[in-house]
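Visitor: When the letters of the sequence shown are read in order and numbered with our numbering, they come out as residues 2 to 87. Provided herewith is a single structure, encoded as structure tokens, for subsequent inquiry.
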Amino acid sequence: MLGLVSELVEPKELEAHVANIVTNLLRNGPNAIAEAKRLVLDIAGREIDAAMIADTSERIAQTRGSDEGREGLSAFLEKRKPNWIQ
């Protein structure tokens, strides 16, 4: 457990708040989400050093340069939904 709290909501507002967070998460590219999860698991508990920074930078660059990353950027610039959103 990380012991972090980023938001507090009233109990009656919890379900709607969680639904909003999930909706926002689902707007992200599925491969980008998977890569972010993988990165967090791989670096959890490790010391931040030059090797970790280089590895993280490389992973982010690969994800951004992927077909999904390019589609996301194009969709943003063209003010449209990316192709993974129905």
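Here a beta-carbon is modelled for each residue, glycine too, at the ideal position from N, C-alpha and C.
#1: Checking contacts by CB at 8 Å: is Q87 closer than that to chain D?
#2: I need the DSSP call for G66, collapsed to helix, strand or coil.
#3: Please report how far the alpha carbon of P12 lies from the alpha carbon of I22, in whole angstroms.
#4: Around the Cβ of E59, are there at least 16 other Cβ atoms within 10 angstroms (buried) or fewer (exposed)?
#5: Can you give the beta carbon distance from I18 to V6, rounded, assuming they're within the 8 Å contact cut?
#6: For R81, which three-state DSSP category applies?
#7: Counting Cβ pairs closer than 8 Å, one from the stretch 79-86 and one from the stretch 43-58, do we hit at least three?
#8: Can you give me the start and stop residues for the alpha helix (DSSP H) that N29 sits inside?
Guide: On the basis of the coordinates in this document:
#1: Looking at the structure shown, chain D is missing, and only one protein chain is on hand.
#2: helix
#3: 16 Å
#4: exposed
#5: Correcting the residue type first, residue 18 is His in the shown sequence and not Ile. Not quite, the Cβ-Cβ distance comes to about 13 Å (not below 8 Å), so this is no contact.
#6: coil
#7: no
#8: No alpha helix (DSSP H) contains N29, which DSSP labels as neither H nor E.
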